[in-house]
Amino acid sequence: MAEAAIALRPPLIEGDKSIAQVTHDVCAPMEARPTALWWVALLISSSFLLLGAAAIAYQISVGVGTWGLNRTIGWAFDITNFVFWIGIGHAGTLISAILFLFRQRWRTSVNRAAEAMTIFAVMCAGIFPVIHTGRPWFAYWMFPYPNTRGSLWINFRSPLVWDFFAISTYFTVSAMFWFIGMLPDLATIRDRATAKWRRKLAGLFSLGWNGSYRAWQRYEVVYLMLAGLGTPLVISVHTIVSWDFATAVLPGWHATIFPPYFVAGAIFSGMAMVLTLMIIARKLMRLEDYITIRHIDRMCKLVITTSAIVGLSYGTEFFTALYSGSSYEQFVFLNRALGPLFWGYWTMVGCNVVVPQLLWFRRVRAYVPAVFAICILVNVGMWFERFIIIVTSLSRDFIPANWFHYAPTRVEVATLLGSFGLFFTLFLLFCRFIPVIAVAEVKGVLKYGKPPRESAHE
Amino acid sequence: MKTTATYGLMAEFDSPRALITAAEKTHKEGYKKIDAYTPYPIEEVAEAIGFHHNNVPLVTLIGGIVGGLSGYLMQFWISTIDYPVNIGGKPYHSWPSFIIVTFEMTILFAGISAVFGMLALNGLPMPYHPVFNVSRFAMASKDRFFLIVFASDKKYDAVATRQFLESLGPVSVAEVPS
Chain Z
0 MAEAAIALRP
10 PLIEGDKSIA
20 QVTHDVCAPM
30 EARPTALWWV
40 ALLISSSFLL
50 LGAAAIAYQI
60 SVGVGTWGLN
70 RTIGWAFDIT
80 NFVFWIGIGH
90 AGTLISAILF
100 LFRQRWRTSV
110 NRAAEAMTIF
120 AVMCAGIFPV
130 IHTGRPWFAY
140 WMFPYPNTRG
150 SLWINFRSPL
160 VWDFFAISTY
170 FTVSAMFWFI
180 GMLPDLATIR
190 DRATAKWRRK
200 LAGLFSLGWN
210 GSYRAWQRYE
220 VVYLMLAGLG
230 TPLVISVHTI
240 VSWDFATAVL
250 PGWHATIFPP
260 YFVAGAIFSG
270 MAMVLTLMII
280 ARKLMRLEDY
290 ITIRHIDRMC
300 KLVITTSAIV
310 GLSYGTEFFT
320 ALYSGSSYEQ
330 FVFLNRALGP
340 LFWGYWTMVG
350 CNVVVPQLLW
360 FRRVRAYVPA
370 VFAICILVNV
380 GMWFERFIII
390 VTSLSRDFIP
400 ANWFHYAPTR
410 VEVATLLGSF
420 GLFFTLFLLF
430 CRFIPVIAVA
440 EVKGVLKYGK
450 PPRESAHE
Chain R
0 MKTTATYGLM
10 AEFDSPRALI
20 TAAEKTHKEG
30 YKKIDAYTPY
40 PIEEVAEAIG
50 FHHNNVPLVT
60 LIGGIVGGLS
70 GYLMQFWIST
80 IDYPVNIGGK
90 PYHSWPSFII
100 VTFEMTILFA
110 GISAVFGMLA
120 LNGLPMPYHP
130 VFNVSRFAMA
140 SKDRFFLIVF
150 ASDKKYDAVA
160 TRQFLESLGP
170 VSVAEVPS
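Chains as they are written, first to last, in numbering that gives the first Met the number 0: chain Z, 0 to 457; chain R, 0 to 177.
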């Protein structure tokens with residue numbers, strides 16, 4: 000029955016490709032010289048990376064006074080950026096693990112790049128809490144190890160410790176998932192290589208993969224295991240990130256809606272980022288036959304779904320504040336919408352709830368520049384969401400005498416730009432040196448939705 | 000100098016269907032020590048040769064249990080025995096707070112066990128494997144499908160096995176030096 004259902008669906012891969020052609024289409028751009036466009040993109044992103052590196056070096060050597068924080072607002076830019084980047088990463092795991100468990104075969108064209116995005120986003124996220132500690136050279140103190148200070152152990156009742164465990168587990172498991180998925184393709188690069196250094200290097204990283212059916216069987220099982228482990232993991236990670244806020248008693252943070260609200264927001268922003276990167280990558284690497292309009296269409300539907308959840312959460316927050324009868328809660332939400340940062344709040348609502356409504360229209364979903372613009376706006380909106388949640392709640396808490404305002408310094412802005420530089424530099428290098436599309440997986444779905452010729456198995 | 004022994008005989012096919020049929024026939028013929036190499040996973044190959052046992056899930060389960068137990072016991076020991084500190088009036092053994100790190104440690108250990116278990120069971124990293132001595136084997140990761148009968152098989156015979164493999168309609172048959 001599954002076979003019959005698949006035959007009625009449109010094909011996943013455009014064009015009448017042979018399996019050898021898939022290898023060629025994905026590997027040839029990597030073996031050719033990089034295009035001028037790629038060099039320009041790398042130059043721009045690595046310049047931002049350098050700017051960020053200089054900003055980080057400056058703030059570490061001078062001290063935390065270079066930030067716009069004050070005694071009222073102890074968290075602002077760094078934590079906003081941290082939550083933003085962690086959220087971006089979650090769409091990669093959604094595609095690689097959750098959609099795998101749901102047998103969404105279209106994910107094969109995008110999962111490699113989406114997983115790469117996850118890893119790079121977590122790396123960007125990791126920078127911020129580390130510099131936010133103020134003394135990043137002591138960051139290893141977060142790890143529970145016997146030490147000469149007592150032993151002075153960490154406090155396992157703190158959500159910040161939970162966060163440390165969640166993020167480091169998430170990074171490790173995502174990186175392993177990515178690498179294991181890549182083994183067969185690295186073997187392909189090794190076998191195709193004409194240059195000796197390329198063969199040696201790819202041979203080293205492919206670990207001597209030979210495609211024996213026993214190896215494939217274990218490989219498929221480990222892939223399923225990691226998808227099964229990755230699914231609860233990704234949900235736990237953003238849940239724990241939301242607990243960084245929700246376990247505090249601050250109005251606007253202390254809410255049970257936070258975990259689902261944050262997880263949906265994370266997948267929302269991450270999907271938008273995946274789409275942004277895919278639209279760039281399919282153009283840069285000429286992969287329009289693999290990442291088709293139908294792939295973009297499906298991802299757009301995920302964006303509109305999560306947008307609806309996020310919009311519902313915004314409404315629920317207001318209702319909860321009203322219904323709670325707590326004047327502090329009510330004040331915080333009125334202050335968000337009408338206070339000094341009202342423009343940030345309405346940017347967030349506009350970008351996250353209003354703009355994505357355009358995706359209801361099939362013609363918008365099929366028009367790539369429009370999708371690209373919407374996705375950029377969604378990411379702007381999701382950045383503002385975290386900024387508004389963090390800063391408005393802190394800046395006006397219970398006692399008006401505590402109230403203060405916050406504005407980022409140039410150093411903080413440069414660090415944020417630097418994280419974008421790191422992200423895009425890593426992604427561009429990834430496009431050059433690693434197959435952007437999971438070659439072996441695409442070969443398995445090549446005949447989906449196409450009339451069988453020689454046999455159903457090919 | 001050691002004389003080069005034979006590792007096996009390798010037949011090359013140009014479609015998965017041909018490989019599956021050939022694998023079934025070879026298995027029926029009574030060859031037990033055989034293997035197949037494909038560019039992407041094909042379930043029917045395993046069915047044709049009959050390899051069903053897989054230890055990866057067991058390794059993952061053990062890893063997860065070890066991770067979860069060690070995560071919880073570590074927190075219990077640190078928070079109640081080695082370094083009891085009163086935090087917000089919470090009990091030293093505040094188990095609900097410990098669930099989170101326990102969960103993450105379970106996932107971490109299970110994931111690491113799954114990956115390294117798979118690599119170990121597959122014998123990876125493998126710096127040398129005789130199949131790569133056949134130059135056409137480079138296409139096994141592209142679009143060709145290979146079947147090998149190992150020389151260690153009881154029924155193996157340099158001439159008879161080659162004749163048998165050639166009767167299956169392969170693109171080529173090659174001897175694999177070890």
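A virtual CB, placed ideally from N, CA and C, is assigned to each residue, including glycine.
Residue range of the beta strand (DSSP E) that includes residue i
| i | result |
| --- | --- |
| D34/R | 33-36 |
| F144/R | 144-149 |
Near the ligand MG: residue i beta-carbon under 7 angstroms from a heavy atom
| i | result |
| --- | --- |
| E30/Z | Questions concerning the ligand MG fall outside what the structure shown contains, since it holds no ligand whatsoever. |
Pick from the options that is closest to residue i, judged by C-alpha positions
| i | options | result |
| --- | --- | --- |
| G349/Z | P339/Z, V377/Z, L340/Z, R364/Z | V377/Z |
| L311/Z | I256/Z, F403/Z, F360/Z | I256/Z |
| W359/Z | A186/Z, L301/Z, K195/Z | L301/Z |
| T107/Z | C430/Z, T117/Z, I94/Z | I94/Z |
| H237/Z | K16/Z, S167/Z, D190/Z, L36/Z | S167/Z |
| L11/Z | P339/Z, V109/Z, I59/Z | V109/Z |
| V485/Z | H89/Z, G343/Z, V354/Z | There is no way to answer for residue 485/Z, as the model of chain Z reaches only from 0 to 457. |
| M175/Z | L340/Z, R111/Z, T346/Z | R111/Z |
| D243/Z | F81/Z, K282/Z, F423/Z, I153/Z | F81/Z |
| L36/Z | W105/Z, R297/Z, L283/Z | L283/Z |
| L48/Z | K442/Z, N401/Z, L425/Z | L425/Z |
| Q356/Z | C374/Z, P368/Z, F341/Z | C374/Z |
| A137/R | E11/R, G7/R, Y6/R | E11/R |
| P231/Z | F423/Z, Y169/Z, V367/Z, F127/Z | Y169/Z |
| P143/Z | V100/R, T37/R, A159/R, E23/R | V100/R |
Buried versus exposed call for residue i [16 or more other C-beta atoms within 10 Å across all chains shown]
| i | result |
| --- | --- |
| W161/Z | buried |
| I398/Z | exposed |
| F74/R | Inspection of the sequence shows that residue 74/R is occupied by Gln rather than by Phe. Its Cβ being crowded by 16 or more others within 10 Å, Q74/R is buried. |
| Y289/Z | buried |
| H52/R | exposed |
| Y322/Z | exposed |
| V39/Z | exposed |
| A455/Z | Residue placement at A455/Z is flagged as unreliable, the pLDDT there being 44, under the threshold of 50; a coordinate-derived value is accordingly withheld. |
| F101/Z | exposed |
| Y313/Z | buried |
| R156/Z | buried |
| V240/Z | buried |
Residue range of the alpha helix (DSSP H) that includes residue i
| i | result |
| --- | --- |
| V390/Z | 367-394 |
| A112/Z | 110-131 |
| T147/Z | Element bounds for T147/Z: n/a, residue is neither H nor E. |
| E42/R | 42-48 |
| E103/R | 94-120 |
| G7/R | Unbroken run through G7/R is the beta strand (DSSP E), 5-12; no alpha helix (DSSP H). |
| R15/R | The sequence given here has Pro at residue 15/R, not Arg. Here the alpha helix (DSSP H) through P15/R covers 15-28. |
| P10/Z | Looking at the DSSP string, P10/Z is not in any alpha helix (DSSP H), and its letter there is neither H nor E. |
| S171/R | Note, S171/R: premise wrong, no alpha helix (DSSP H); beta strand (DSSP E) at 171-176. |
| K442/Z | 438-444 |
| S60/Z | 35-61 |
| K282/Z | 257-283 |
| T22/Z | 18-30 |
| E219/Z | 212-245 |
| H89/Z | 76-92 |
| H294/Z | 292-323 |
Next on the checklist: Is it the case that the stretch 69-84 of chain R contacts the stretch 143-151 of chain Z, given that we only count it when at least three CB pairs across the two stretches are under 8 angstroms?
Outcome noted: yes
Checklist entry - Do the stretch 123-139 of chain Z and the stretch 271-279 of chain Z touch if we need at least three Cβ pairs shorter than 8 angstroms? => result no
Checklist entry - Would the stretch 130-147 of chain Z and the stretch 254-272 of chain Z be scored as touching if the rule is three or more Cβ pairs under 8 angstroms? => result no
Checklist entry - Along the stretch 292-312 of chain Z, what residues have a CB closer than 8 angstroms to any CB found in chain R? => result none
Checklist entry - Is the stretch 421-439 of chain Z touching the stretch 175-193 of chain Z, taking contact as three or more C-beta pairs under 8 angstroms? => result yes
Item to check | Contact the stretch 96-114 of chain R vs the stretch 60-70 of chain R: 3+ CB pairs below 8 angstroms | outcome: yes
Checklist entry - Given a limit of 8 angstroms on CB to CB distance, which residues of the stretch 205-223 of chain Z reach chain R? => result L206, G207, W208, N209, G210, S211, Y212, R213, A214, W215, Q216, R217, Y218, E219, V220, V221
Item to check | Proximal residues, the stretch 183-195 of chain Z versus chain R, C-beta separation under 8 angstroms | outcome: P183, A186, T187, R189, D190, R191
Next on the checklist: Counting beta carbon pairs with one atom in the stretch 139-149 of chain R and one in the stretch 10-20 of chain R, are three or more of them shorter than 8 angstroms?
Outcome noted: yes
Next on the checklist: Between the stretch 115-123 of chain R and the stretch 247-256 of chain Z, can you find at least three pairs of beta-carbon atoms closer than 8 angstroms?
Outcome noted: no
Next on the checklist: Under 8 angstroms, CB to CB, which of the residues in the stretch 87-116 of chain R have a partner in chain Z?
Outcome noted: G87, K89, S93, S96, F97, I99, V100, F102, E103, M104, I106, L107, A109, G110, I111, A113, V114, G116
Next on the checklist: Count Cβ pairs between the stretch 368-383 of chain Z and the stretch 56-63 of chain Z that sit closer than 8 angstroms; are there 3 or more?
Outcome noted: no
Checklist entry - Are the stretch 145-162 of chain R and the stretch 215-233 of chain Z touching by the rule of at least three beta carbon pairs closer than 8 angstroms? => result no
Checklist entry - Would you call the stretch 122-132 of chain R and the stretch 153-164 of chain R touching, i.e. three or more CB-CB distances under 8 angstroms? => result no
Checklist entry - When Cβ atoms are compared, which residues of the stretch 16-30 of chain Z fall closer than 9 angstroms to chain R? => result S17, I18, A19, Q20, V21, T22, H23
Item to check | Residues of the stretch 122-137 of chain R with Cβ closer than 9 angstroms to any Cβ of chain Z, in chain order | outcome: G122, L123, P124, M125, P126, Y127, H128, V130, F131, F136, A137
Checklist entry - Listed from N- to C-terminal order along the chain, which residues in the stretch 72-98 of chain Z have their beta-carbon within a distance smaller than 8 angstroms of any beta-carbon of chain R? => result none
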